[in-house]
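In what follows, a single structure is set out as C-alpha coordinates and then discussed.
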Amino acid sequence: MADKLVRGNSMDGAIRVFAAVTTDLVNEAQRIHHTYPVATAALGRLLTGAAIMGAAGLKNETDSMTVQIKGEGEITNLVAVTDCHSRVRGYVSNPYVDRPLNNKGKLDVGGAIGGGYLSVVRDLGLKEPYVGQIPLVSGEIAEDLTYYYAKSEQIPTSVALGVLVDTDNSVIAAGGFMIQLMPEATEEMAVQLEDILKELPPVTTMIKEGMTAEDILFRVTEGFSMVCENKAVVPEYKCTCSKERMEKALISIGRKDLEEMIKDGEPIEMNCHFCNSHYQFSVEELKKILAQAKKR
(Lines of atoms letter the chains of each structure in order from A and count residues from 1; the text may use other names and numbers.)
(Lines give C-alpha, C1' and ligand atoms only; values in the text may rest on other atoms or scores of the structure.)
Protein backbone atom coordinates (compact mmCIF):
# COMPACT_ATOMS: atom_id res chain seq x y z
CA MET A 1 0.00 0.00 0.00
CA ALA A 2 1.58 3.30 -1.11
CA ASP A 3 2.18 5.93 1.55
CA LYS A 4 -0.48 8.63 1.64
CA LEU A 5 -1.98 11.12 4.08
CA VAL A 6 -5.56 12.28 3.57
CA ARG A 7 -7.86 14.65 5.44
CA GLY A 8 -11.61 14.84 5.67
CA ASN A 9 -14.47 16.68 7.32
CA SER A 10 -18.03 15.80 8.20
CA MET A 11 -20.60 17.66 6.08
CA ASP A 12 -21.70 19.67 9.13
CA GLY A 13 -18.11 20.66 10.02
CA ALA A 14 -18.31 18.97 13.44
CA ILE A 15 -15.60 16.37 12.83
CA ARG A 16 -12.25 16.54 11.12
CA VAL A 17 -10.09 13.51 10.51
CA PHE A 18 -6.62 12.72 9.17
CA ALA A 19 -5.52 9.24 8.11
CA ALA A 20 -2.10 8.10 6.95
CA VAL A 21 -0.28 5.06 5.63
CA THR A 22 3.44 5.51 6.38
CA THR A 23 4.99 2.06 5.80
CA ASP A 24 7.65 3.26 3.32
CA LEU A 25 8.47 6.29 5.47
CA VAL A 26 9.04 4.17 8.61
CA ASN A 27 11.03 1.58 6.64
CA GLU A 28 13.32 4.40 5.48
CA ALA A 29 13.78 5.58 9.09
CA GLN A 30 14.61 1.98 10.12
CA ARG A 31 17.15 1.69 7.29
CA ILE A 32 18.88 4.96 8.20
CA HIS A 33 19.01 4.40 11.96
CA HIS A 34 19.38 0.56 11.99
CA THR A 35 16.76 0.37 14.74
CA TYR A 36 15.69 -2.78 16.58
CA PRO A 37 11.91 -3.47 16.70
CA VAL A 38 11.01 -1.52 19.89
CA ALA A 39 12.95 1.55 18.73
CA THR A 40 11.48 1.16 15.21
CA ALA A 41 7.96 1.17 16.68
CA ALA A 42 8.70 4.18 18.92
CA LEU A 43 10.32 6.26 16.17
CA GLY A 44 7.80 5.12 13.54
CA ARG A 45 4.83 6.09 15.72
CA LEU A 46 6.28 9.52 16.49
CA LEU A 47 7.19 10.20 12.84
CA THR A 48 3.67 9.18 11.75
CA GLY A 49 2.11 11.31 14.50
CA ALA A 50 4.27 14.28 13.50
CA ALA A 51 3.33 13.86 9.80
CA ILE A 52 -0.37 14.01 10.75
CA MET A 53 0.18 16.96 13.11
CA GLY A 54 2.06 18.84 10.37
CA ALA A 55 -0.87 18.37 8.00
CA ALA A 56 -3.27 19.51 10.71
CA GLY A 57 -1.39 22.46 12.17
CA LEU A 58 1.03 23.97 9.61
CA LYS A 59 0.09 26.09 6.60
CA ASN A 60 3.16 27.86 5.21
CA GLU A 61 6.27 26.53 3.47
CA THR A 62 8.57 27.88 6.19
CA ASP A 63 6.52 26.53 9.14
CA SER A 64 7.93 23.61 11.11
CA MET A 65 6.93 21.51 14.09
CA THR A 66 9.16 19.52 16.42
CA VAL A 67 7.63 16.78 18.57
CA GLN A 68 9.96 15.49 21.27
CA ILE A 69 9.67 12.87 23.98
CA LYS A 70 12.11 12.96 26.88
CA GLY A 71 11.89 9.54 28.49
CA GLU A 72 13.18 8.09 31.75
CA GLY A 73 13.68 4.54 30.45
CA GLU A 74 16.05 3.09 27.86
CA ILE A 75 14.81 5.65 25.32
CA THR A 76 15.73 9.02 26.81
CA ASN A 77 15.19 11.10 23.68
CA LEU A 78 12.85 10.67 20.72
CA VAL A 79 12.46 13.46 18.16
CA ALA A 80 10.41 14.06 15.01
CA VAL A 81 10.40 17.24 12.91
CA THR A 82 7.81 17.94 10.21
CA ASP A 83 6.74 20.61 7.73
CA CYS A 84 3.37 21.51 6.16
CA HIS A 85 3.85 18.80 3.48
CA SER A 86 4.35 16.05 6.10
CA ARG A 87 8.01 15.62 5.19
CA VAL A 88 9.51 14.31 8.40
CA ARG A 89 12.84 13.43 9.91
CA GLY A 90 13.73 12.14 13.35
CA TYR A 91 15.96 10.07 15.59
CA VAL A 92 15.90 7.89 18.69
CA SER A 93 18.59 8.09 21.39
CA ASN A 94 18.88 4.29 21.71
CA PRO A 95 18.20 2.51 18.40
CA TYR A 96 19.09 -0.91 19.86
CA VAL A 97 16.41 -1.26 22.55
CA ASP A 98 15.41 -4.88 22.97
CA ARG A 99 12.61 -5.75 25.40
CA PRO A 100 10.20 -8.63 25.91
CA LEU A 101 6.66 -8.07 24.59
CA ASN A 102 4.28 -6.27 26.96
CA ASN A 103 1.27 -7.93 28.64
CA LYS A 104 -0.82 -7.32 25.50
CA GLY A 105 1.70 -9.19 23.36
CA LYS A 106 2.84 -5.95 21.69
CA LEU A 107 6.22 -4.24 21.36
CA ASP A 108 6.86 -2.53 24.71
CA VAL A 109 7.31 1.10 23.60
CA GLY A 110 5.82 2.47 26.86
CA GLY A 111 8.24 0.39 28.93
CA ALA A 112 11.22 1.51 26.86
CA ILE A 113 10.29 5.19 27.27
CA GLY A 114 9.14 4.99 30.90
CA GLY A 115 7.96 8.26 32.46
CA GLY A 116 8.89 11.70 31.21
CA TYR A 117 7.26 14.40 29.11
CA LEU A 118 6.22 15.27 25.58
CA SER A 119 6.77 18.70 24.08
CA VAL A 120 5.57 20.23 20.82
CA VAL A 121 7.34 23.28 19.35
CA ARG A 122 5.56 25.01 16.47
CA ASP A 123 7.72 27.52 14.62
CA LEU A 124 5.43 29.66 12.47
CA GLY A 125 8.01 32.33 11.70
CA LEU A 126 6.85 34.59 14.53
CA LYS A 127 9.19 36.14 17.12
CA GLU A 128 8.72 33.22 19.49
CA PRO A 129 7.77 29.63 18.64
CA TYR A 130 4.69 28.17 20.34
CA VAL A 131 5.69 25.54 22.92
CA GLY A 132 3.31 23.09 24.58
CA GLN A 133 4.39 20.44 27.08
CA ILE A 134 2.64 17.63 28.97
CA PRO A 135 3.71 14.77 31.23
CA LEU A 136 3.57 11.40 29.47
CA VAL A 137 0.39 9.42 30.07
CA SER A 138 1.65 6.00 28.96
CA GLY A 139 4.73 6.47 26.76
CA GLU A 140 2.85 4.57 24.03
CA ILE A 141 2.81 7.87 22.05
CA ALA A 142 -0.74 7.80 20.58
CA GLU A 143 -2.32 8.25 24.04
CA ASP A 144 0.25 10.93 24.84
CA LEU A 145 -0.59 12.92 21.69
CA THR A 146 -4.31 12.53 22.47
CA TYR A 147 -3.68 13.98 25.93
CA TYR A 148 -1.52 16.78 24.47
CA TYR A 149 -4.39 17.99 22.23
CA ALA A 150 -6.85 17.86 25.13
CA LYS A 151 -4.56 19.77 27.53
CA SER A 152 -2.53 22.16 25.38
CA GLU A 153 -4.91 22.83 22.48
CA GLN A 154 -8.24 22.15 24.23
CA ILE A 155 -9.42 20.07 21.25
CA PRO A 156 -11.14 16.72 21.96
CA THR A 157 -8.96 14.38 19.93
CA SER A 158 -8.34 10.69 19.41
CA VAL A 159 -5.01 9.55 17.96
CA ALA A 160 -4.16 5.99 16.90
CA LEU A 161 -0.71 4.98 15.64
CA GLY A 162 0.75 1.62 14.71
CA VAL A 163 3.97 0.03 13.45
CA LEU A 164 4.17 -3.70 12.67
CA VAL A 165 7.75 -4.99 12.49
CA ASP A 166 8.84 -8.20 10.73
CA THR A 167 11.36 -10.74 12.08
CA ASP A 168 14.07 -9.25 9.81
CA ASN A 169 13.50 -5.78 11.42
CA SER A 170 11.76 -4.40 8.32
CA VAL A 171 8.35 -2.73 8.64
CA ILE A 172 5.31 -4.67 7.38
CA ALA A 173 2.78 -1.90 8.01
CA ALA A 174 2.74 1.56 9.59
CA GLY A 175 0.21 4.36 9.80
CA GLY A 176 -2.27 6.19 11.97
CA PHE A 177 -5.24 8.49 12.21
CA MET A 178 -6.41 11.49 14.20
CA ILE A 179 -10.04 12.46 14.78
CA GLN A 180 -10.91 15.87 16.23
CA LEU A 181 -14.25 17.21 17.42
CA MET A 182 -14.91 20.79 16.42
CA PRO A 183 -17.09 23.19 18.50
CA GLU A 184 -20.18 22.18 16.44
CA ALA A 185 -19.93 18.56 17.65
CA THR A 186 -22.63 17.21 19.96
CA GLU A 187 -22.36 14.82 22.91
CA GLU A 188 -24.16 12.17 20.81
CA MET A 189 -21.48 12.44 18.09
CA ALA A 190 -18.73 11.95 20.66
CA VAL A 191 -20.44 8.82 22.03
CA GLN A 192 -21.00 7.45 18.50
CA LEU A 193 -17.31 7.94 17.65
CA GLU A 194 -16.22 6.31 20.91
CA ASP A 195 -18.32 3.26 20.04
CA ILE A 196 -16.70 3.04 16.58
CA LEU A 197 -13.19 3.32 18.05
CA LYS A 198 -13.88 0.57 20.62
CA GLU A 199 -14.71 -1.89 17.83
CA LEU A 200 -11.91 -0.81 15.50
CA PRO A 201 -9.11 -3.26 14.59
CA PRO A 202 -5.52 -2.01 15.05
CA VAL A 203 -4.29 0.44 12.40
CA THR A 204 -1.62 -2.03 11.23
CA THR A 205 -4.25 -4.77 10.77
CA MET A 206 -6.29 -2.47 8.51
CA ILE A 207 -3.20 -1.54 6.46
CA LYS A 208 -1.98 -5.15 6.28
CA GLU A 209 -5.40 -6.15 4.94
CA GLY A 210 -4.94 -3.66 2.10
CA MET A 211 -6.91 -0.66 3.34
CA THR A 212 -5.81 2.70 1.92
CA ALA A 213 -5.62 5.98 3.86
CA GLU A 214 -9.02 6.90 2.37
CA ASP A 215 -10.49 3.54 3.45
CA ILE A 216 -9.28 4.13 7.01
CA LEU A 217 -10.69 7.68 7.04
CA PHE A 218 -14.18 6.43 6.13
CA ARG A 219 -13.91 3.35 8.39
CA VAL A 220 -13.17 5.38 11.54
CA THR A 221 -16.10 7.73 10.83
CA GLU A 222 -18.61 5.10 9.69
CA GLY A 223 -22.17 6.38 9.91
CA PHE A 224 -21.19 10.04 9.49
CA SER A 225 -21.50 12.03 6.24
CA MET A 226 -17.84 12.62 5.44
CA VAL A 227 -16.04 14.41 2.63
CA CYS A 228 -12.45 13.45 1.80
CA GLU A 229 -10.61 16.62 0.75
CA ASN A 230 -8.39 16.61 -2.33
CA LYS A 231 -5.40 17.81 -0.31
CA ALA A 232 -3.71 14.41 -0.05
CA VAL A 233 0.07 14.39 0.42
CA VAL A 234 2.71 11.68 0.31
CA PRO A 235 4.39 11.72 3.73
CA GLU A 236 8.08 10.99 3.36
CA TYR A 237 11.30 10.78 5.34
CA LYS A 238 13.33 13.78 4.19
CA CYS A 239 16.33 15.37 5.85
CA THR A 240 17.20 19.02 5.24
CA CYS A 241 20.88 18.87 6.24
CA SER A 242 23.66 20.19 4.00
CA LYS A 243 27.28 21.28 4.29
CA GLU A 244 26.08 24.93 4.31
CA ARG A 245 23.85 24.24 7.31
CA MET A 246 26.74 22.54 9.12
CA GLU A 247 28.88 25.62 8.40
CA LYS A 248 26.23 27.81 10.05
CA ALA A 249 26.26 25.48 13.05
CA LEU A 250 30.05 25.83 13.28
CA ILE A 251 29.81 29.65 13.09
CA SER A 252 27.30 29.58 15.93
CA ILE A 253 29.61 27.67 18.32
CA GLY A 254 31.79 30.76 18.65
CA ARG A 255 35.30 31.93 17.83
CA LYS A 256 37.07 30.38 20.81
CA ASP A 257 36.03 26.82 19.97
CA LEU A 258 36.81 27.33 16.28
CA GLU A 259 40.28 28.62 17.15
CA GLU A 260 40.86 25.51 19.30
CA MET A 261 39.87 23.25 16.38
CA ILE A 262 42.24 25.09 14.00
CA LYS A 263 45.05 24.86 16.57
CA ASP A 264 44.62 21.07 16.66
CA GLY A 265 45.56 21.06 12.96
CA GLU A 266 43.20 18.18 12.12
CA PRO A 267 40.11 18.13 9.88
CA ILE A 268 36.84 17.68 11.77
CA GLU A 269 33.78 15.62 10.94
CA MET A 270 30.21 16.60 11.73
CA ASN A 271 27.37 14.10 11.64
CA CYS A 272 23.65 14.67 11.11
CA HIS A 273 21.43 13.07 13.79
CA PHE A 274 18.55 12.75 11.35
CA CYS A 275 20.12 10.97 8.37
CA ASN A 276 23.63 9.96 9.54
CA SER A 277 25.30 11.98 6.77
CA HIS A 278 28.92 12.92 7.50
CA TYR A 279 30.47 16.29 6.61
CA GLN A 280 34.22 16.88 6.71
CA PHE A 281 35.82 20.28 7.19
CA SER A 282 39.52 20.78 6.49
CA VAL A 283 41.65 23.16 8.55
CA GLU A 284 41.55 25.61 5.61
CA GLU A 285 37.73 25.50 5.61
CA LEU A 286 37.69 26.05 9.38
CA LYS A 287 39.86 29.15 8.92
CA LYS A 288 37.35 30.56 6.41
CA ILE A 289 34.49 29.81 8.82
CA LEU A 290 36.38 31.55 11.63
CA ALA A 291 36.80 34.61 9.38
CA GLN A 292 33.03 34.64 8.81
CA ALA A 293 32.40 34.29 12.55
CA LYS A 294 34.61 37.32 13.21
CA LYS A 295 32.53 39.45 10.85
CA ARG A 296 29.40 38.86 12.95
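If you count the sequence shown from 1, you need to add 84 to reach our numbering.
Even for Gly, the Cβ is constructed at its ideal location relative to N, Cα and C.
Just so it is clear, the structure is predicted and the values come from calculations on it, not from any experiment.
* Asked: Can you name, in chain order, every residue of its own chain whose Cβ lies under 7 Å from the Cβ of Ala234, other than the five neighbours on each side?
  -> Pro240, Thr241
* With 7 Å as the threshold, decide whether the Cβ of Phe302 is near any Cβ in chain C. => You won't find chain C in this structure, because it holds only one protein chain.
* Element boundaries [beta strand (DSSP E), containing Glu278] -> Premise fails: Glu278 lies in the alpha helix (DSSP H), 271-283, not in any beta strand (DSSP E).
* From Arg329 to Tyr363, what does the alpha carbon distance come to, in whole angstroms? -> 10 Å
* CB Met390 to CB Val243, shorter than 7 Å? -> Missing from the structure shown is residue 390; the chain here goes from 85 to 380 and no further.
* **Buried or exposed (CB count within 10 angstroms, at least 16 for buried), Pro121** => By the neighbour-count definition (other C-beta atoms within 10 Å, threshold 16), Pro121 is a buried residue.
* To do: Alpha carbon to alpha carbon, how far is Ile300 from Tyr175? Give it in angstroms, no decimals.
  => Whole-angstrom Cα-Cα distance: 27 Å.
* Asked: Can you give, in chain order, each stretch of the alpha helix (DSSP H) that sits fully within the stretch 90-154 and has at least 4 residues?
  -> 107-117, 121-141
* How long is the line joining the alpha carbons of Leu109 and Arg339, rounded to whole angstroms? -> 39 Å
* To do: Look up Asp207 in the DSSP assignment and say whether it is helix, strand or coil.
  => Asp207 sits in a strand when the DSSP states are folded into three classes.
* **Assumed close pair Ala134, Val172 - CB separation to whole angstroms, cut-off 8 Å** => Yes, they are in contact, since the Cβ atoms of Ala134 and Val172 sit about 5 Å apart, within 8 Å.
* Is Glu320 helix, strand or coil when you go by DSSP? -> strand
* Please classify Ala297: does DSSP put it in a helix, a strand, or coil? => helix
* Which listed residue (His357, Tyr232, Arg129, Val193) has its alpha carbon closest to that of Glu158 -> Val193
* Taking DSSP as the reference, what is the three-state secondary structure of Tyr233? -> helix
* Gln381 - DSSP class collapsed to helix/strand/coil -> This structure gives no information on residue 381, because the portion of the chain shown stretches from 85 to 380.
* Whole-number beta carbon distance between Asp182 and Asp167, since they are thought to touch under 8 Å -> In fact, because the Cβ distance is near 33 Å, the residues do not count as touching under 8 Å.
* Could you check if Pro319 is buried or exposed, using at least 16 other CB atoms within 10 Å of its CB as the buried criterion? => By the beta-carbon neighbour count (other beta carbons within 10 angstroms, threshold 16), Pro319 is buried.
* To do: Note the first and the last residue of the continuous alpha helix (DSSP H) segment covering Glu343.
  => 339-348 is the span of the alpha helix (DSSP H), which, as asked, contains Glu343.
* Which runs of the beta strand (DSSP E) spanning at least 3 residues fall entirely within the stretch 160-228, listed in chain order? -> 161-166, 171-176, 200-207, 214-219
* Alpha carbon to alpha carbon, how far is Lys347 from Gln217? Give it in angstroms, no decimals. => 42 Å
* Asked: Looking at C-alpha atoms only, which residue of Thr119, Lys211, Leu334 is the closest neighbour of Lys372?
  -> The residue from Thr119, Lys211, Leu334 with its alpha-carbon nearest to that of Lys372 is Leu334.
* **Which listed residue (Ala113, Leu265, Glu156) has its alpha carbon closest to that of Phe382** => The structure shown does not extend to residue 382, since the chain is modelled only from 85 through 380, so no value can be given for it.
* Alpha carbon of Gly260 to alpha carbon of Ala104, nearest angstrom -> In a straight line, the C-alpha of Gly260 is about 5 Å away from that of Ala104.
* To do: Would you give the residue range spanned by the beta strand (DSSP E) that Leu328 belongs to?
  => Residue identity check: residue 328 is Glu in the sequence provided, not Leu. No beta strand (DSSP E) holds Glu328; the alpha helix (DSSP H) holding it covers 327-336.
* Roughly how many angstroms lie between the CA atoms of Phe365 and Thr324, to the nearest whole one? -> 19 Å
* To do: Would you mind working out which of Val165, Thr107, Ser170, Leu130 sits nearest Arg91, comparing C-alpha positions?
  => Ser170
* Which whole-angstrom value describes the C-beta separation of Gly155 and Ile197, a residue pair presumed to lie in contact below a C-beta threshold of 8 Å? -> 4 Å
* Nearest to Ala258 by alpha carbon, out of Arg100, Arg115, Arg129, Gly138? -> Arg129
* DSSP state of Lys371, grouped into three classes? -> Residue state, collapsed to three classes: helix.
* Assumed close pair Phe308, Ser177 - CB separation to whole angstroms, cut-off 8 Å -> Actually they are not in contact, since the Cβ atoms of Phe308 and Ser177 sit about 40 Å apart, beyond 8 Å.
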